[in-house]
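**Student:** Residue numbers (the working numbering), protein chains in the order written: chain L, 1 to 172; chain W, 173 to 799.
Cβ coordinates follow ideal geometry from the N, Cα and C atoms, glycine included.
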Amino acid sequence: MSCNCQCSTEKKNDPRFQELDGIIKKYKNQAGSLIPVLHKAQGVFGYLPEEVQSYIAKGLKLPLSEVYGVVSFYSLFTTVPRGKYVFNVCLGTACYVQGSGRIMDNLKKELGLDIGETTADGLFTLEGCRCVGACGLAPVLTVNEKVHGRLKEDDVPRLISLYRLKEEQGSK
Amino acid sequence: MISLNELKVLRDKSRAEISIREKGYLAGSNMDFYRSHVLVCAGTGCTSSESLEVRNGLKEELIRLNIDKEVKVVETGCFGFCSLGPIIVVYPEGTFYCLITPEDVKEIAEEHLLKGHIVSRLLYSEPGTDKKVSDFESIEFFNHQKRVALRNCGVINPEKVEEYIAHDGYFALAKVLEEMTQEQLIEELKKSGLRGRGGGGFPAGLKWQFAHKTPGDIKYVVCNADEGDPGAFMDRSVLEGDPHSIIEAMAIAGYAIGSEQGYIYIRAEYPIAVHRLEIAIEQAREFGLLGQNIFGTGFNFDLDIRLGAGAFVCGEETALLTSIEGHRGEPRPRPPFPAVEGLWRKPTLLNNVETYANIPAIILKGADWFASIGTEKSKGTKVFALAGKINNIGLIEVPMGTPLRTIIYDIGGGIPNGKKFKAAQTGGPSGGCIPAHLIDTEIDYDNLIALGSMMGSGGLIVMDETDCMVDIAKFFLEFTQEESCGKCPPCRIGTKRMLEILEKITKGRGTPDDISQLETLARTVKSSSLCGLGQTAPNPVLSTLKYFRDEYEAHINEKRCPAGVCKELLNFSIIADKCKGCSVCAKVCPVGAISGVVKEPYVINSETCIKCGACMEKCKFGAIVKE
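If you want it as structure tokens, here you go:
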């Protein structure tokens with residue numbers, strides 16, 4: 001809900017909210033615009049915190065409850081920030097019969113995360129998804145856009161080190 | 173706006189440019205064009221295994237060798253042989269190279285494209301033989317297929333409307349607009365016998381007729397591209413490989429029912445398909461194939477894309493429409509059916525991608541041609557995503573009525589690692605399985621229903637003897653339980669209770685009355701759920717109970733998992749005769765459950781063992797067994 005602190009002026013100066021203004025303006029008069037706006041907003045902010053949801057509700061003249069209802073219904077929308085590298089293990093049938101369940105177990109153990117959680121350093125998020133469509137490479141997982149296929153259980157630690165190393169090299 | 177005559181001119185010109193990819197093309201017969209085309213698969217499967225790096229490498233090599241004006245690199249849609257990706261095909265020879273890595277590119281460019289020598293080490297060989305096959309049409313995998321819906325996938329560049337037009341693209345639309353009344357068009361479709369490819373198999377012509385007959389000044393045409401079944405990627409491949417065929421078919425549907433606006437509802441998880449669709453819609457608008465006064469006939473039609481947001485239930489038609497309207501994607505009771513009251517309460521025609529993909533072919537080749545393919549009640553072909561424990565994983569299209577055996581052994585190349593075929597699962601979480609003894613079943617809508625499965629959208633997952641059917645049933649129930657939208661109690665609560673029973677059984681805590689409880693629950697959920705998701709959710713359980721009841725009983729009565737999958741029911745032990753006492757197992761055991769003296773047989777303490785299987789993997793002597 002709208003509050004009386006200075007955040008509205010902060011928002012005015014925040015380029016992300018300026019971009020959101022443009023998105024809302026573009027879709028405002030189209031029927032069924034809420035979901036496209038949420039997609040774009042998540043693209044801008046990375047996630048959909050309450051303040052973004054209430055901003056959209058106001059902009060599209062919808063009750064916040066409706067916006068929240070839609071956000072919480074669809075699994076691609078998230079209200080918490082996600083890690084820099086999102087490990088998404090395919091749990092589709094083809095990958096499952098090729099052992100993706102064990103890959104997932106290993107990742108849970110190695111990262112100390114449950115599905116949907118993010119490491120404290122904000123580096124890794126663990127997710128499970130339904131079919132990437134690369135069944136020929138089963139079992140697969142994706143790290144952001146990159147697909148890693150034909151995995152074996154002991155590939156998991158190697159893969160995590162690979163991204164840790166990438167991060168260290170990047171920060172140097 | 174393009175006229176029919178201009179379209180013909182464009183077709184002939186584009187056809188000449190790509191004729192090099194046709195059979196019987198005489199090398200060097202047309203010096204105006206490139207002497208060779210290299211088609212690189214740019215579908216999701218191949219791009220996941222670096223086909224774009226291969227493409228970039230090829231382009232660089234062509235420039236380096238100074239043959240980039242003679243040889244053209246073309247991105248195309250899915251060839252279907254996904255397990256061999258990345259795939260490239262070189263024309264005019266039709267040479268099929270597979271499992272290409274970016275490191276192979278230099279050799280292909282220098283040897284084949286420059287000198288004309290085929291690089292035989294990169295050719296395909298049939299499973300179990302060393303014989304290399306160069307011409308891809310003689311590969312067994314392709315031999316038994318008939319491509320109608322996939323006719324342009326792997327043939328044209330999906331990002332170029334000209335190549336679609338070269339293959340008679342948009343001529344079906346021109347034909348209906350210029351020569352056919354709405355009624356004639358619908359009659360033709362009814363005569364073809366085409367049934368909805370989304371799962372239910374409702375006759376498409378009838379659906380069109382309902383939407384046509386419902387009065388209304390505003391009507392909508394919708395394409396269901398929310399392909400959510402795990403392990404199914406038929407629709408994605410059509411959209412990635414031949415997006416214009418869907419656009420053309422939707423415009424035809426618009427004409428048939430009197431609609432000027434269409435929506436394609438597609439999963440956000442398919443970025444390549446979305447991108448190609450956007451390009452295709454833009455090109456169609458540019459050429460006046462979408463928009464106002466198409467072919468100067470006064471017919472208007474335009475399309476918009478709507479992205480899903482990761483809710484499986486939105487594949488159900490009423491939920492999908494609710495989602496396009498911008499709400500939570502919850503289904504509503506039918507009737508009224510969408511044809512009467514659909515999107516924004518207006519009459520709406522809704523078909524899935526593969527159904528639409530067949531339409532232009534039916535219009536151009538005729539209903540009789542289409543009806544001549546398939547079985548008595550299931551006409552035409554069906555696309556399947558073949559995956560799981562099978563050698564040739566990929567996308568196939570076969571005439572309806574093709575025996576499962578042909579799909580598994582002739583096209584699929586059999587089961588890997590010498591394992592035995594156990595069952596094929598069709599219809600995803602709504603379907604069931606076909607056990608090994610019914611392998612000669614001819615696949616069509618009615619036979620699958622009779623077996624307690626269903627066609628579904630076309631996922632076909634093969635399982636071998638190491639797959640536990642109780643575990644598979646649990647896997648699907650987990651899926652439907654998670655994806656149940658929660659609106660109606662039978663689905664929300666019923667699937668949860670069923671899942672709990674299955675978890676209990678797989679953990680070794682099953683009791684004899686569990687099976688009958690599962691059956692009672694399954695009947696209730698099936699008969700009283702609001703939408704297709706709940707109505708079909710119990711199918712995987714019922715079907716495995718029907719064909720693999722003994723496995724359930726082994727879990728419950730003997731606390732044993734015959735396939736060796738359910739961890740809690742496994743017991744690892746060391747065969748003393750085979751154990752050399754090397755101590756490797758004791759070292760890898762994460763909980764210290766293995767003990768012994770070096771050079772003497774070791775023992776596993778089953779009390780502490782967590783059944784991770786690490787010891788078994790590491791033992792070089794095969795001395796560790798699980799049962």
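Give the residues of chain W in contact with residue 134 of chain L, contact being defined as C-beta atoms less than 7 Å apart.
**Tutor:** Within 7 Å of the CB of residue 134 of chain L, the CB atoms of chain W belong to 216, 217 and 220, in sequence order along the chain.
**Student:** Report all residues from its chain with a CB closer than 8 Å to the CB of residue 33 of chain L; omit the five preceding and five following residues, and keep chain order.
**Tutor:** 27 and 60
**Student:** Check whether the Cβ atoms of residue 368 of chain W and residue 523 of chain W lie closer than 8 Å to each other.
**Tutor:** Cβ distance < 8 Å, so residue 368 of chain W and residue 523 of chain W count as in contact.
**Student:** Where DSSP assigns a beta bridge to residue 148 of chain L, which residues make up the other side?
**Tutor:** L/141
**Student:** Mark residue 195 of chain W as exposed unless 16 or more other C-beta atoms lie within 10 angstroms of its C-beta, in which case mark it buried.
**Tutor:** Result: exposed.
**Student:** Please work out which residues of its chain come closer than 7 Å, Cβ to Cβ, to residue 42 of chain L, disregarding the five sequence neighbours upstream and downstream, and give them in chain order.
**Tutor:** Excluding positions up to five away in sequence, the list reads 48 and 77.
**Student:** Taking only the alpha-carbon atoms, compute the straight-line gap between residue 642 of chain W and residue 142 of chain L and give it to the nearest angstrom.
**Tutor:** 28 Å
**Student:** Taking only beta-carbon positions, decide if residue 68 of chain L is within less than 8 Å of chain W.
**Tutor:** Taking Cβ atoms only, chain W never reaches closer than 8 Å to residue 68 of chain L, which makes this a no.
**Student:** Evaluate residue 164 of chain L with the Cβ neighbour count: other Cβ atoms within 10 Å of its Cβ, from every protein chain shown; 16 or more gives buried, anything less gives exposed.
**Tutor:** exposed
**Student:** Who are residue 126 of chain L's beta bridge partners in DSSP?
**Tutor:** L/87
**Student:** Taking the straight line between their C-alpha atoms, what separation do you get for residue 128 of chain L and residue 481 of chain W?
**Tutor:** 15 Å
**Student:** Ignoring anything shorter than 4 residues or poking outside the segment 678-711 of chain W, list the alpha helix (DSSP H) runs there in chain order.
**Tutor:** 686-700 and 704-708
**Student:** With contact counted as at least three CB pairs below 8 Å, one residue from each stretch, are the segment 355-363 of chain W and the segment 487-495 of chain W in contact?
**Tutor:** no
**Student:** Please state the DSSP three-state secondary structure of residue 213 of chain W.
**Tutor:** strand
**Student:** In angstroms with no decimal places, state the Cα-to-Cα distance between residue 431 of chain W and residue 237 of chain W.
**Tutor:** 53 Å
**Student:** Would you call the CB atoms of residue 632 of chain W and residue 485 of chain W closer than 8 Å?
**Tutor:** no
**Student:** Closer than 9 Å between beta carbons: that is the criterion. Which residues of the segment 111-130 of chain L meet it against chain W?
**Tutor:** 129 and 130
**Student:** Of all the options W/695, W/234 and W/576, which has the alpha carbon lying nearest to the alpha carbon of residue 605 of chain W?
**Tutor:** W/576
**Student:** Just mark residue 328 of chain W as buried or exposed, buried being the case when its beta carbon has 16 or more other beta carbons within 10 Å.
**Tutor:** buried
**Student:** Quick one: residues in its chain with C-beta nearer than 7 Å to the C-beta of residue 94 of chain L, no 5 flanking neighbours on either side, listed in chain order?
**Tutor:** Shown here for residue 94 of chain L: same chain residues with a beta carbon closer than 7 Å to its own, the five before and five after excluded, namely 135 and 138 in chain order.
**Student:** Give me the Cβ distance between residue 454 of chain W and residue 547 of chain W, rounded to the nearest whole Å; I'm assuming they're in contact under 8 Å.
**Tutor:** Contact doesn't hold; Cβ gap of about 40 Å is too wide.
**Student:** May I ask you to report which of helix, strand or coil DSSP gives residue 408 of chain W?
**Tutor:** helix
**Student:** Taking the C-alpha atoms as reference points, what is the distance between residue 790 of chain W and residue 145 of chain L?
**Tutor:** 33 Å
**Student:** Can you tell me which of the three DSSP states residue 748 of chain W falls into?
**Tutor:** coil
**Student:** Quick check: the Cα distance between residue 544 of chain W and residue 205 of chain W, rounded to an integer number of angstroms?
**Tutor:** One alpha carbon belongs to residue 544 of chain W, the other to residue 205 of chain W, and they sit about 38 Å apart.
**Student:** Could one say the Cβ of residue 47 of chain L lies closer than 8 Å to chain W's Cβ atoms, at least one of them?
**Tutor:** By this cut-off, residue 47 of chain L is not an interface position.
**Student:** Going by other Cβ atoms of all chains shown within 10 Å of its Cβ, with 16 needed for buried, is residue 692 of chain W buried or exposed?
**Tutor:** exposed
**Student:** For residue 635 of chain W, return the contacting residues in chain L, with the cut-off set at a CB-CB distance below 7 Å.
**Tutor:** Within chain L, 97 have C-beta atoms less than 7 Å from the C-beta of residue 635 of chain W, given in sequence order.
**Student:** Around the C-beta of residue 558 of chain W, are 16 or more other C-beta atoms found within 10 angstroms, so that it is buried, or is it exposed?
**Tutor:** buried
**Student:** Counting only Cβ pairs nearer than 8 Å, list the residues of chain L close to residue 488 of chain W.
**Tutor:** What residue 488 of chain W touches in chain L: nothing, since even the nearest Cβ is about 14 Å away.
**Student:** Identify the residues that DSSP records as bridge partners of residue 566 of chain W: which are they?
**Tutor:** W/558
**Student:** Look up residue 593 of chain W in the DSSP assignment and give the residues it is bridged to.
**Tutor:** W/636
**Student:** Closer than 8 Å, CB to CB, is residue 639 of chain W near chain L or not?
**Tutor:** yes
**Student:** Give me the chain W residues within the contact set of residue 36 of chain L, using Cβ-Cβ distance strictly less than 9 Å, ordered along the chain.
**Tutor:** 478, 479 and 498
**Student:** Run through the DSSP bridge pairs and tell me what residue 521 of chain W is partnered with.
**Tutor:** DSSP output for residue 521 of chain W lists W/393 as bridge partner(s).
**Student:** Which residues bound the beta strand (DSSP E) around residue 473 of chain W?
**Tutor:** 471-479
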